[in-house]
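From first to last, the protein sequence lines stand for chains A and B.
Going by the working numbering, the first residue of the first sequence is number 443, and it counts up by one from there.
Going by the working numbering, the first residue of the second sequence is number 5, and it counts up by one from there.
Note that CB positions come from ideal geometry on N, CA and C, so glycine has one too.
Following: one structure in C-alpha cells, then a few remarks.
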Amino acid sequence: MAETAGILKVDRVAAVYAGAIAALHGVDLTVAPGEIVALLGSNGAGKSTLLKAVSNLLPAERGAVTEGRILFEGQDVATLAPAALARRGLVTVLEGRHCFRSLTVEENLLTGALGRSSTRAETKADLERVYALFPRLAEKRRTTSGLISGGEQQMTAIGRGLMSRPRLFVLDEPSMGLAPLVVREIFLTLKRLNREDGLSILVAEQNSAVALDYADRAVVVENGVSKLSGPAAELRQRADIKDFYLGGETTSIRNTDPAPKEEAFA
Amino acid sequence: MEWYDFLFFIEVLVGGLLSGVMYSLVAIGFVLIYKTSGVLNFAQGAMLLFAALTFVSLVERGIPFALALAITLLIMVALGFAIERTVLRPLVNRSPMTLFMATLGLSYIIEGAAQLLWGTQVHGLDLGIDDTPFEVYGVFISKFDLVAAGLAAAMVGGLSAFFHWTRIGLAFRAVADDQFAALAVGLRLNRIWGTVWTAAGFVALVAGLLWGARLGVQFSLSLVVLKALPVLVLGGFDSILGAIVGGLIVGAGEKLAEVYLGPFVGGGIEGWFAYALALAFLLVRPGGLFGKKLVERV
Numbered sequence: 443m444a445e446t447a448g449i450l451k452v453d454r455v456a457a458v459y460a461g462a463i464a465a466l467h468g469v470d471l472t473v474a475p476g477e478i479v480a481l482l483g484s485n486g487a488g489k490s491t492l493l494k495a496v497s498n499l500l501p502a503e504r505g506a507v508t509e510g511r512i513l514f515e516g517q518d519v520a521t522l523a524p525a526a527l528a529r530r531g532l533v534t535v536l537e538g539r540h541c542f543r544s545l546t547v548e549e550n551l552l553t554g555a556l557g558r559s560s561t562r563a564e565t566k567a568d569l570e571r572v573y574a575l576f577p578r579l580a581e582k583r584r585t586t587s588g589l590i591s592g593g594e595q596q597m598t599a600i601g602r603g604l605m606s607r608p609r610l611f612v613l614d615e616p617s618m619g620l621a622p623l624v625v626r627e628i629f630l631t632l633k634r635l636n637r638e639d640g641l642s643i644l645v646a647e648q649n650s651a652v653a654l655d656y657a658d659r660a661v662v663v664e665n666g667v668s669k670l671s672g673p674a675a676e677l678r679q680r681a682d683i684k685d686f687y688l689g690g691e692t693t694s695i696r697n698t699d700p701a702p703k704e705e706a707f708a
Numbered sequence: 005m006e007w008y009d010f011l012f013f014i015e016v017l018v019g020g021l022l023s024g025v026m027y028s029l030v031a032i033g034f035v036l037i038y039k040t041s042g043v044l045n046f047a048q049g050a051m052l053l054f055a056a057l058t059f060v061s062l063v064e065r066g067i068p069f070a071l072a073l074a075i076t077l078l079i080m081v082a083l084g085f086a087i088e089r090t091v092l093r094p095l096v097n098r099s100p101m102t103l104f105m106a107t108l109g110l111s112y113i114i115e116g117a118a119q120l121l122w123g124t125q126v127h128g129l130d131l132g133i134d135d136t137p138f139e140v141y142g143v144f145i146s147k148f149d150l151v152a153a154g155l156a157a158a159m160v161g162g163l164s165a166f167f168h169w170t171r172i173g174l175a176f177r178a179v180a181d182d183q184f185a186a187l188a189v190g191l192r193l194n195r196i197w198g199t200v201w202t203a204a205g206f207v208a209l210v211a212g213l214l215w216g217a218r219l220g221v222q223f224s225l226s227l228v229v230l231k232a233l234p235v236l237v238l239g240g241f242d243s244i245l246g247a248i249v250g251g252l253i254v255g256a257g258e259k260l261a262e263v264y265l266g267p268f269v270g271g272g273i274e275g276w277f278a279y280a281l282a283l284a285f286l287l288v289r290p291g292g293l294f295g296k297k298l299v300e301r302v
C-alpha cells in the first residue's frame with residue numbers, strides 16, 4: 443500500500459555531477475503520508491545527492507538526474523523549479539544549516555514565509571508556532587544568525603522550513619556537529635510535528651542510532667545504491683548491518699567526539 | 005595656517021567631497037548587482053549612458069520632463085529584466101570571470117544600441133539647476149553639487165529603507181547572503197535578479213542625468229565606470245555605505261592632492277590619484293572599508 447500511495451516515490455534514480463561524476467546509480471525509496479523515513483549511509487554514500495535530487499536542487503550544483511524519476515504527490519519533481527516545489531509543500535533543510543548569516547533569527551524565519559508568499563496573518567501565526575516549538579529562538583529573535591550556537595542555527599533552519607508549511611519535510615543531517623542533548627531536542631520536535639500534524643519527513647543521517655530511534659522506516663544507501671530498507675525497529679536490532687553499512691566505529695566516534703567540543707565554546 | 009588658507013582648504017575639501025558623491029552614485033549601481041548576484045556589472049556605465057541619452061533625446065523631441073523621466077524609467081525596467089533573461093539566466097552557475105566578460109560584452113552592445121537609436125552627437129542636458137557657486141561663511145559651494153548630494157542621500161535612504169522594511173528587500177538580503185539556501189527556501193531568484201537589475205537601472209538613470217548635466221550627454225559618459233572602480237575597491241564591492249564613503253574619499257583625496265601635491269610633481273594628479281589610492285588600499289585591506297566580513301563563531 444505504502445509503495446503506491448507514497449507522498450514521495452524515488453524510482454531507480456541515478457544522478458551525476460558535472461555530466462561525468464556518478465553519485466547515485468539506482469536508489470529506490472518511498473515515503474508514505476505521515477511517515478518518518480530515515481536515509482542512512484556513511485559519508486559519501488549519496489544521501490545528500492539524493493535529497494538534492496528530491497528537491498530539484500541538483501541543477502544548481504551542476505548535477506542532474508540521469509535515470510529513473512522522483513514523484514512528489516504524483517508529480518515528477520524534475521518538471522518543477524525548487525521554488526514551485528516549496529510552494530507545493532516539499533521543503534528542504536540543507537546540510538550544514540545554511541542560515542542567512544547576516545540576517546537575524548526572525549528575518550531568517552520570515553524568508554520561509556516569503557518562499558511561500560504567506561499572508562501577514564499566516565506569517566504571524568507560523569512565527570508564533572515556531573517560537574512555541576523552539577523557545578530558544580524567541581529569545582534570540584533579534585540576534586544575527588551567524589552569531590548563535592550551532593544548535594540554534596539548526597533550529598532556525600528547521601523553523602525557516604516550517605514557515606513554508608511543509609507537507610513533506612526533507613532534512614539533511616540535522617544532527618551534524620551538535621551535542622547529543624540538542625540532537626535529541628531536535629528529533630523530539632520533528633517527531634512531535636509528525637505526530638500532531640501528520641507531517642511526512644525524510645531525514646538523512648549519519649547518526650544512525652538517533653535516526654532509528656525516531657524513524658518509522660529506514661533505507662540504507664551504500665555507494666549510491668539503496669541496499670536495504672525496512673522498519674526502523676527491525677534495523678535497530680541488527681547491529682551487524684550497522685557496522686557493515688554505516689562504518690561501525692566511525693559512527694560511534696562521530697557521535698561522542700565533536701559534540702562536547704561545540705558545547706565548550708557555546 | 006592663515007585664515008584665508010584655511011578657507012581655501014575647506015573649499016577644496018567640500019568641492020572634493022561633493023564631486024565624490026557623483027562617483028558614489030555610479031558605484032551604488034555596481035554594489036546592488038554585486039551584492040545580490042556576485043556579478044561585477046561592467047555594463048553599469050553603458051546603462052548610465054543609455055538612460056541619459058534616452059532621456060535627453062525624448063526631451064529634445066518635445067516630450068515633457070516628467071513624462072520623459074517615466075518613459076526612460078520604464079525602458080530601464082524592461083532592459084533590466086531583458087538582461088536577466090537573455091544574459092544572466094543562461095550563464096547561471098558559471099565562474100565570476102565568465103559573468104564579468106559577459107557584462108563587458110553587454111556594455112558594448114548597450115552603448116552601440118544607444119548610439120544606433122539616438123545618434124552619436126553630444127547633447128546638452130539642462131536639469132534646471134544652477135551650477136553657479138554661492139557663498140557660505142566665505143566658502144564657495146556649487147548649488148548643483150549640493151542638489152546632487154541631496155539626491156544621492158535621498159536615494160541611499162530610500163534604498164536602505166527598501167532593503168530593511170520590505171519583503172522583496174528581505175529576499176534581496178537573503179540572496180546576497182546565501183544563494184543556494186535562498187533557492188532551497190523557495191525564493192524565486194530570477195525574479196529577484198530582474199528586480200535588482202531594474203534598481204541598478206534606476207540608479208543609472210539618476211547618475212546619468214546628473215553626470216549628463218555636468219559633462220554633456222555623450223559617448224564618454226560610459227567611461228565614468230572607470231572612476232567607480234577605485235571607489236569600490238576602497239569601500240568594498242558589497243556595501244552601499246562603502247560606496248558612499250569610498251566616493252567621498254576619492255573625491256576629496258583627488259582634489260586635495262591636485263591642489264597641495266600637484267605643484268610638486270607638475271600637476272595632473274587628479275587623473276590617477278584614485279587608482280594609486282585604490283592600489284595601496286588593496287595591499288592593506290583587500291575587502292575594502294565596509295566589505296562584508298564573514299559573520300562566524302569560532
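- DSSP places residue 277 of chain B in the uninterrupted alpha helix (DSSP H) bounded by 273 to 288.
- With distances taken between CA atoms, residue 478 of chain A lies nearest to A:645 out of A:645, A:679 and A:675.
- Burial of residue 496 of chain A is indicated by the presence of at least 16 other C-beta atoms within 10 angstroms of its C-beta.
- Residue 629 of chain A: member of the alpha helix (DSSP H) spanning 622 to 639, first to last residue.
- If you check the CB distance, residue 219 of chain B and residue 282 of chain B do not come in under 8 Å.
- A Cβ-Cβ distance of about 4 Å is found for the pair residue 181 of chain B and residue 542 of chain A, placing them in contact under the 8 Å criterion.
- In the three-state reduction of the DSSP assignment, residue 107 of chain B falls in the helix class.
- Here the region 22 to 34 of chain B makes no contact with the region 262 to 271 of chain B; the two share fewer than three CB pairs at distances below 8 Å.
- In the displayed model, residue 124 of chain B falls within coil according to three-state DSSP, outside both helix and strand.
- With the rule of 3 Cβ pairs closer than 8 Å, the region 201 to 211 of chain B does not count as touching the region 563 to 572 of chain A.
- Under the DSSP assignment, residue 168 of chain B falls in the alpha helix (DSSP H) whose first and last residues are 147 to 169.
- A:614 is the residue among A:458, A:486, A:620 and A:614 whose C-alpha sits nearest the C-alpha of residue 533 of chain A.
- Using a C-beta cut-off of 8 Å, the region 250 to 257 of chain B makes no contact with the region 172 to 190 of chain B, since fewer than three inter-stretch Cβ pairs fall below that distance.
- By the beta-carbon neighbour count (other beta carbons within 10 angstroms, threshold 16), residue 124 of chain B is exposed.
- Using a Cβ-Cβ cut-off of 8 Å, residue 680 of chain A does not count as an interface residue toward chain B, since no Cβ of chain B sits closer than that to its own.
- A residue is called buried once 16 or more other Cβ atoms fall within 10 Å of its Cβ, and residue 97 of chain B, having fewer, is exposed.
- Per the Cβ contact rule, the region 182 to 191 of chain B is not in contact with the region 220 to 240 of chain B (fewer than 3 Cβ pairs under 8 Å).
- Listed along chain B is no residue with a C-beta nearer than 9 Å to that of residue 610 of chain A; the closest approach is about 13 Å.
- DSSP, read as helix, strand or coil, puts residue 505 of chain A in strand.
- With 16 or more neighbouring CB atoms inside 10 Å of its own CB, residue 612 of chain A falls in the buried class.
- When secondary structure is reduced to three states using DSSP, residue 510 of chain A falls in the strand class.
- A Cβ-Cβ separation of about 6 Å places residue 26 of chain B in contact with residue 214 of chain B under the 8 Å criterion.
- Identification of chain B residues near residue 504 of chain A by a Cβ-Cβ cut-off of 9 Å yields 97, ordered along the chain.
- Distance between residue 272 of chain B and residue 262 of chain B, taken at the CA atoms: about 7 Å.
- At a Cβ-Cβ threshold of 8 Å, residue 260 of chain B and residue 91 of chain B do not count as neighbours.
- With respect to chain A, the C-beta atom of residue 292 of chain B has no partner C-beta closer than 8 Å.
- Note on geometry: alpha-carbon atoms of residue 108 of chain B and residue 58 of chain B lie some 21 Å from one another.
- Residue environment: residue 597 of chain A is assigned as buried (16 or more neighbouring CB atoms within 10 Å of its CB, all protein chains considered).
- Contact annotation: the region 597 to 609 of chain A touches the region 572 to 588 of chain A, with at least three C-beta pairs closer than 8 Å.
- In chain A, no part has a C-beta under 9 Å from the C-beta of residue 91 of chain B; the shortest such distance is about 18 Å.
- Interface criterion met: the Cβ of residue 497 of chain A is under 8 Å from a Cβ in chain B.
- Excluding its 5 nearest sequence neighbours in each direction, residue 274 of chain B has C-beta neighbours in its own chain below 6 Å: 258 and 262, listed in chain order.
- In this structure, residue 579 of chain A sits near residue 547 of chain A, with a CB-CB distance shorter than 8 Å.
- Assignment of residue 493 of chain A by DSSP, reduced to helix, strand and coil, places it in the helix class.
- In the three-state reduction of the DSSP assignment, residue 267 of chain B falls in the helix class, which pools H, G and I.
- Counting the other CB atoms within 10 Å of its CB gives residue 113 of chain B a total below 16, which places it among the exposed residues.
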